[in-house]
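Read through the structure below, which is laid out as structure tokens, and then see the notes.
Residue numbers (this note's numbering): 844 to 1302.
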């Protein structure tokens, strides 16, 4: 064997030499590496895998000590003969089932335009942080480094009218992590009201934390305050700026009603998920709910839609009364976001790059929305379907009777096109028709008319 091909988990606590040792040892035990087969030289393997010769030497030494390989002077390392106590398996181990399907066209909503990511700027800022970041190798603040907290505080005040100081912000690797932290901060007896339909991960996370949930049906303005009062919950989870998946933008009157509900009894709070608030194509975005009452609203958002889902940086703004208990609880945690990434993002915000990138993306996505609208509109008119949702967010909605929607979905399956359904966002769905969700952020402009033509061909 001239070389090995493997990928190291560089984020793992297991050292690289141990990962290499385990890979070769498994190869010997499974019979993939045969008795007396010569292993690659330390220098050649180090060069191939992009690691140091010392790392390979450490792995080979462990393998020799445990009898997996043996060395010949001035010749190299060879696989030992093993007399395994366990019999060989009667059947071959099957390959893991593929969980991800590749689609011809994909209208999912959790994507962004990858080609528009500011690679050069991000790399430049990242290098600057890395070259001057010796101090960042030590553990940072459990809530996040002050540089990012300060940059976020200014950004949120200017763009989202969020009333907060850096001390109120907590950084985390994804909104899922932050929701789990919130479950630690809120009383154990607190019950949660969630939107129906809504973002399915939110109730899944809350239920996983052992919380009781109440699903509140939405009307044209969002979550109804009267239904919220009747259910007995003390925490309401809402997306007022752009509700997913309906696209409802909660008007000021309904916001005031929900804030009145929160202030009517002690221990009531609103979790404001500011999903997709940046992408508003008709006027300026409505200011955050938190800016209207910073004592009763817990604000959560993320950079996954502005930059990329893989940049796992989310944040929440806690009410002042939470800060002491949050400090006690968070002191037993470490920050889940790399300090290098935190400082890169802080410089990205402070340098004005984020606001310029956001403006570019709004222009790009507005054009993409228009292309999708132009492609869908004739078919919607012809089939008596309703097209909506273009004022904000990054998806359009196509609603109609079950029969027509079913035929479109049949076409989608035949042509290998993924189109989500709103009914999948319900805890319990008993509607007569359905609504298709066309996320367009990750689509190419030229592919949109092609995909829509295939979906409606012959319908």
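Note that beta-carbon positions come from the ideal geometry of N, C-alpha and C, so glycine has one too.
None of these values were measured; they are calculated from a predicted model.
- For the set 1147, 1244, 1105 and 1121, the Cα lying nearest the Cα of residue 1141 is the one of 1105.
- Spatial neighbours of residue 1009 in its own chain (CB-CB distance under 7 Å, excluding positions within 5 residues in sequence) are listed in chain order as 989, 992, 993 and 996.
- Taken through DSSP and simplified to helix, strand or coil, residue 949 comes out as strand.
- Secondary structure within the segment 1209-1234: the beta strand (DSSP E) runs of 3 or more consecutive residues, fully enclosed, are 1229-1231 (chain order).
- Under DSSP, residue 1157 shares a beta bridge with 1015 and 1145.
- 7 Å or more divides the Cβ of residue 864 from the Cβ of residue 849.
- The alpha carbon of residue 1067 has as its nearest neighbour, out of 1082, 847 and 1054, the alpha carbon of 1082.
- In the structure shown, the three-state DSSP call for residue 1129 is coil.
- Taking a cut-off of 8 Å for Cβ pairs, the segment 1164-1183 and the segment 1088-1107 do not touch, as fewer than three such pairs fall below it.
- With distances taken between CA atoms, residue 924 lies nearest to 876 out of 858, 876, 852 and 1114.
- Scanning its chain for C-beta atoms nearer than 6 Å, with the 5 sequence neighbours on each side dropped, one finds around residue 955 the residues 1151 and 1284, in chain order.
- Bounds of any beta strand (DSSP E) do not take in residue 1191; it lies within the alpha helix (DSSP H) bounded by 1182-1193.
- Taking residue 1012 as the centre and dropping the five residues before and after it, the same chain places the C-beta of 992, 995, 1158 and 1160 closer than 6 Å to its C-beta, in chain order.
- For residue 881, the beta-bridge partners assigned by DSSP are 921.
- If you draw a straight line from the Cα of residue 1054 to the Cα of residue 1121, it comes to about 30 Å.
- In this structure, the straight-line span from the alpha carbon of residue 1042 to that of residue 1087 is close to 6 Å.
- Counting only runs of 4 or more residues that sit fully inside the segment 962-1042, the alpha helix (DSSP H) segments are 962-974, 989-1003 and 1018-1028, in chain order.
- For residue 1080, the enclosing beta strand (DSSP E) has its first and last residue at 1078-1081.
- Annotation for residue 1048: the continuous alpha helix (DSSP H) segment containing it runs 1044-1051.
- Residue ranges of uninterrupted beta strand (DSSP E) with 3 or more members, entirely inside the segment 1234-1287 and ordered along the chain, are 1238-1243 and 1277-1282.
- In this structure, the beta-carbon distance from residue 1080 to residue 1037 falls below 7 Å.
- When rounded, the separation of the alpha-carbon atoms in residue 1114 and residue 1021 is 11 Å.
- The DSSP-derived three-state label of residue 901 is helix.
- Taking C-alpha positions only, residue 1194 is separated from residue 1017 by approximately 24 Å.
- Residue state for residue 863 is assigned as helix, using DSSP reduced to three classes.
- Residue 1092 carries a coil assignment under DSSP once its states are collapsed to helix, strand and coil.
- In the DSSP assignment, residue 1058 is bridged to 1037.
- Only buried fits residue 1243, as 16 or more other CB atoms lie within 10 angstroms of its CB.
- Assignment of residue 894 by DSSP, reduced to helix, strand and coil, places it in the coil class.
- In this structure, the straight-line span from the alpha carbon of residue 868 to that of residue 907 is close to 10 Å.
- Between the segment 1229-1242 and the segment 907-923, the count of Cβ pairs shorter than 8 Å is below three; the stretches do not touch.
- By the criterion of a C-beta distance shorter than 6 Å, residue 1218 is surrounded in its chain by 1291, 1292 and 1295, once the five residues flanking it on both sides are discounted.
- The C-beta of residue 1146 has 16 or more other C-beta atoms within 10 Å across all chains shown, which makes the residue buried.
- Comparing alpha carbon positions, the residue from 981, 1071 and 1185 closest to residue 1015 is 1185.
- About 6 Å separates the CB atoms of residue 952 and residue 1280; that is less than 8 Å, so the two are in contact.
- Contact between residue 950 and residue 1212 does not hold, since the beta-carbon distance rounds to 13 Å and is not under 8 Å.
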